[in-house]
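All remarks here apply to the structure that follows.
Numbering (our numbering), first residue to last: 4 to 160.
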């Protein structure tokens with residue numbers, strides 16, 4: 004498996020390896036990073052495990068609702084002009100353990116991207132945001148694992 008979806012037994016994503024070992028009504032969940040166990044959990048009566056995209060502001064803990072995207076190239080918009088572009092933004096990855104009746108529990112959240120935060124504004128009243136750098140794209144780009152696409156409308160009033 005190379006993307007989102009149901010995890011049958013093992014999946015590799017960059018330097019992360021997720022392993023699910025089932026023994027009857029018990030499953031053991033492991034996430035390895037560079038060969039070392041980072042997460043180890045035992046789940047009773049799971050029906051399935053699923054890898055899904057997740058909010059990019061939850062690691063290490065949730066302390067912001069904002070993402071600041073710095074464009075890697077300048078966009079020049081004439082006076083009273085408007086342009087619509089696409090940018091890539093980060094997403095975290097979450098592993099859901101589903102039980103019966105479609106109920107689930109989030110058992111792991113991680114990022115395959117470097118996590119960096121920045122302060123937008125002045126120190127005593129600024130906003131902390133997850134920092135990301137992206138090229139502006141006129142055409143819809145293809146996202147990589149750990150990325151999503153955002154549509155941005157820029158107006159110069």
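Every residue, glycine too, gets a C-beta built ideally from N, C-alpha and C.
Requested in this report: Quick one: give me the first and last residue of the beta strand (DSSP E) that residue 116 is part of.
Outcome: For residue 116, there is no enclosing beta strand (DSSP E), as DSSP gives it neither H nor E.
Query raised in the report: Which of helix, strand or coil does DSSP assign to residue 34?
Result: Strand at residue 34.
**Report entry** Span separating the alpha-carbon of residue 97 from that of residue 38
**Finding:** Our two residues, residue 97 and residue 38, have alpha carbons roughly 20 Å apart in a direct line.
Requested in this report: Tell me whether residue 125 sits in a helix, a strand or coil according to DSSP, three-state version.
Outcome: Coil, per DSSP.
Query raised in the report: How would you write the range of the beta strand (DSSP E) that residue 56 sits in, first residue to last?
Result: Element bounds for residue 56: 51-57.
Report task. Would you give the residue range spanned by the beta strand (DSSP E) that residue 27 belongs to? Result -> Premise fails: residue 27 is in no beta strand (DSSP E) and is neither H nor E.
Query - Residues near residue 4 in its chain [Cβ-Cβ closer than 6 Å; skip 5 each side] - result: Interpretation of residue 4 is limited by its pLDDT of 35, a score under 50 that renders its predicted location unreliable; no figure is taken from the coordinates.
Query raised in the report: In three-state terms, what does DSSP make of residue 133?
Result: Three-state result, residue 133: strand.
Query raised in the report: What does residue 44 pair with, by DSSP beta-bridge criteria?
Result: Per DSSP, 32.
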